[in-house]
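S.K.: Okay, so the sequence shown: first residue is 91 according to the working numbering, each after it adds one. Cβ atoms here follow ideal geometry from the backbone N, Cα and C, with glycine treated the same way.
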Amino acid sequence: MDQLITIEECAEVVRNSKAIQSNASFDIVRYRLDKVGGLPGYLGEYARLVVSVKCNRVIREFRYFVKSLPITDWSHRKLIEKVGYHAKESECYREMFPRFKQSPEQVQKWRPSCWLIKADLMVMEDLVDNGFEAMPYRMEFGQGHMMRIIDSLAQMHACSLDLEINQLNGVMLGKQFESMLFETIFRRESPWIKAGLQGIKKAALFASKYSKNPTFKQTIEAEMDSRMEQLFELLEPSVKYQSVLVHRDLWPNNFMFRFPKDPKSGVTDYETPSSCVLLDFQLARYLPPAVDLLCAIYILTRRSHRDAFYESYVDHYYQSLTNKLEKLDLEIKTILPWSQFRESLEHYRLVGLLWSGVLRSFVNLPEGYLPDLRRSHPQSYNDFFFVSRDQVIEEFLNKDRYFRDNFVDTVDETLEYLFAFK
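1. In the DSSP assignment, find the unbroken alpha helix (DSSP H) run with residue 124 in it and report its ends.
2. In terms of DSSP beta bridges, what is residue 476 paired with?
3. So, with DSSP's three-state summary, where would you put residue 318?
4. Alpha helix (DSSP H) containing residue 411: first to last residue?
5. Please confirm whether residue 438 and residue 324 have their CB atoms less than 8 Å apart.
6. Between the alpha carbons of residue 265 and residue 271, how many angstroms are there, rounded?
7. May I have the straight-line CA-CA distance separating residue 103 from residue 451, to the nearest angstrom?
8. According to DSSP, simplified to helix, strand and coil, what is residue 129?
9. Measuring straight from C-alpha to C-alpha, what distance separates residue 259 and residue 188?
10. Residues bridged to residue 368 by DSSP?
11. Over what stretch of residues does the beta strand (DSSP E) that includes residue 139 continue unbroken?
12. Starting from residue 445, follow the beta strand (DSSP E) in both directions and report where the run begins and ends.
13. At what residues does the beta strand (DSSP E) containing residue 214 begin and finish?
14. Within the continuous alpha helix (DSSP H) that includes residue 153, where are the two ends?
15. Applying the 10 Å Cβ sphere with the 16-neighbour rule, what's the burial state of residue 351?
16. Quick check: the stretch 328-345 against the stretch 287-300, are there 3 or more CB pairs under 8 Å?
17. What is the DSSP secondary structure of residue 218, reduced to helix, strand or coil?
18. By DSSP's criteria, residue 358 is part of a beta bridge. Which residues make up the other side?
19. Hey, residue 406 and residue 237: beta-carbon distance below 8 Å or not?
20. So who's on the other strand from residue 338, going by DSSP bridges?
21. Give me, in chain order, the residues of the same chain whose beta-carbon lies closer than 6 Å to that of residue 109; leave out the 5 immediate sequence neighbours on both sides.
22. Please report the straight-line C-alpha distance between residue 316 and residue 377, rounded to a whole angstrom.
23. First and last residue of the alpha helix (DSSP H) that includes residue 167?
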């Protein structure tokens, strides 16, 4: 992998990250790219860049995180390039994020820093070295996690509003950055999203609590496809509600937290994070902030949790956004009145429900299942994502309680929303 980056680019990374004092001269002694263990991620491959630097006759080592386009699967790389996932995130980091306010007195840390952007890779800060961790696999997100996630979303939204109102004099970000805020996934012609929506219907017919009622089952079979089509209309640019930069891809692996550790044992307390950063902006769009809040709540929590804490999360988001806008000399009442925000939450609820269902059909599969499938049966892996997930969904609905409970939980609520089943 070392050929992905040059020694001159390594020097640029060191300078940009301020690893060495700006006026100090230094030499790159050596560098290497260590591939992150496991198979490539769905949208790229990951590595750690280790750079040894000599400055004032002392050699120091610095580490960075690297995201690249696929290099082991060229057909998949062509697909990623065609859709524009990497191009979108690269442009966000190159063109938009540098214009967001950065002062720690005004803005909390909500994303990783990026030190180098190329056509095929990005070099970013190593969040692990900076004290951040991902949640353990299948650990439930609690109030503490959700509050920190909501704070980071509110910060991103506030920064985008500041850019639009204070810096661009009201020119909408959707127009100013139209070339990067295109739709990458929620497209009617996308086989990936079609397979995901059909997976929800499969679970509705096979395992939902309404599947045992012949009348309900007939309604699902006849009408669910057309009802789910509303998703695409909802995700068109809004002319009614104030929009912001939204993330949308809010599944568990796209967050890292700072967790406290016991000073004696070193054991991590995963229940009470102090901060959170958002990762991966390949699905970013210009849409109302309710989209992100609903996606976070529906993707990351179970229904019993939502029933107990939904209103507190809505209140917390609005208060957090209020506070963050005030630090940027903006007043929420003139930008996003409470009544408009509440109305938008109801308007976009189906987005959270359906996107949660699409994601839960694969992110809650047993750890290692999809990497193993990709390694041993690449055609089956491809079919799962682009043809049909029904067979795999049925298999794990039958034999994996965690998968079943999390998936059906959302599917039942979706059916109640679409058809008013009781």
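M.R.: Let me lay it out:
1. As a working note, residue 124 is residue 34 in the sequence shown. Careful: residue 124 lies outside any alpha helix (DSSP H), inside the beta strand (DSSP E) at 117-125.
2. Reading the sequence shown from its first residue, position 386 is the one you call residue 476. Partner(s): none; residue 476 has no beta bridge.
3. Stepping through the sequence shown from its first residue, residue 318 is reached at position 228. Correct three-state label for residue 318: helix.
4. In the sequence shown, the residue the question calls residue 411 occupies position 321. 393-416 is the extent of the alpha helix (DSSP H) around residue 411.
5. For the purposes of this step, residue 438 is identified with residue 348 of the sequence shown, where counting begins at 1. For the purposes of this step, residue 324 is identified with residue 234 of the sequence shown, where counting begins at 1. The Cβ-Cβ distance between residue 438 and residue 324 falls below 8 Å.
6. Residue mapping note: residue 265 aligns to position 175 of the sequence shown, counting from 1. Residue mapping note: residue 271 aligns to position 181 of the sequence shown, counting from 1. Their Cα atoms are separated by approximately 9 Å.
7. In the sequence shown, counting from the first residue as 1, residue 103 sits at position 13. In the sequence shown, counting from the first residue as 1, residue 451 sits at position 361. When rounded, the distance between both Cα atoms is 38 Å.
8. Translated into the one-based positions of the sequence shown, residue 129 becomes position 39. Because residue 129 sits at a pLDDT of 49, beneath the cut-off of 50, its placement in the model cannot be relied upon, and the point is left open.
9. Indexing the sequence shown from 1 puts residue 259 at position 169. Indexing the sequence shown from 1 puts residue 188 at position 98. Cα-Cα distance, rounded: 18 Å.
10. Start at 1 with the first residue of the sequence shown, and residue 368 comes out as number 278. Per DSSP, 345.
11. For this step, residue 139 is matched to residue 49 along the sequence shown. 135-145 is the span of the beta strand (DSSP E), which, as asked, contains residue 139.
12. Taking the first residue of the sequence shown as position 1, residue 445 is located at position 355. Looking at the DSSP string, residue 445 is not in any beta strand (DSSP E); the run it does join, the alpha helix (DSSP H), is 439-453.
13. Here residue 214 refers to the residue found at position 124 when the sequence shown is read from its first residue. It spans 211-215 - the beta strand (DSSP E) in which residue 214 sits, taken as one unbroken run.
14. Residue numbering aside, residue 153 sits at position 63 when the sequence shown is read from its first letter. Not the alpha helix (DSSP H): residue 153 falls in the beta strand (DSSP E), residues 148-158.
15. The residue labelled residue 351 in the question sits at position 261 within the sequence shown. Here residue 351 is exposed. Its C-beta has fewer than 16 other C-beta atoms within 10 Å.
16. With the cut-off at 8 Å, the stretch 328-345 and the stretch 287-300 do not touch.
17. One-based indexing of the sequence shown puts residue 218 at position 128. Coil, per DSSP.
18. Residue numbering aside, residue 358 sits at position 268 when the sequence shown is read from its first letter. For residue 358, the pairing in a beta bridge is given by DSSP as 351.
19. Taking the first residue of the sequence shown as 1, we reach residue 406 at position 316. Taking the first residue of the sequence shown as 1, we reach residue 237 at position 147. Using a Cβ distance threshold of 8 Å, residue 406 and residue 237 count as a contacting pair.
20. Along the sequence shown, one-based indexing puts residue 338 at 248. Residue 338 pairs with nothing; no bridge assigned.
21. As a working note, residue 109 is residue 19 in the sequence shown. Excluding sequence neighbours, residue 109 sits near 152.
22. Counting from one through the sequence shown, the residue named residue 316 turns up at place 226. Counting from one through the sequence shown, the residue named residue 377 turns up at place 287. Between residue 316 and residue 377, the C-alpha separation is close to 23 Å.
23. Taking the sequence shown and counting its residues from 1, the one referred to as residue 167 is at position 77. It spans 164-173 - the alpha helix (DSSP H) in which residue 167 sits, taken as one unbroken run.
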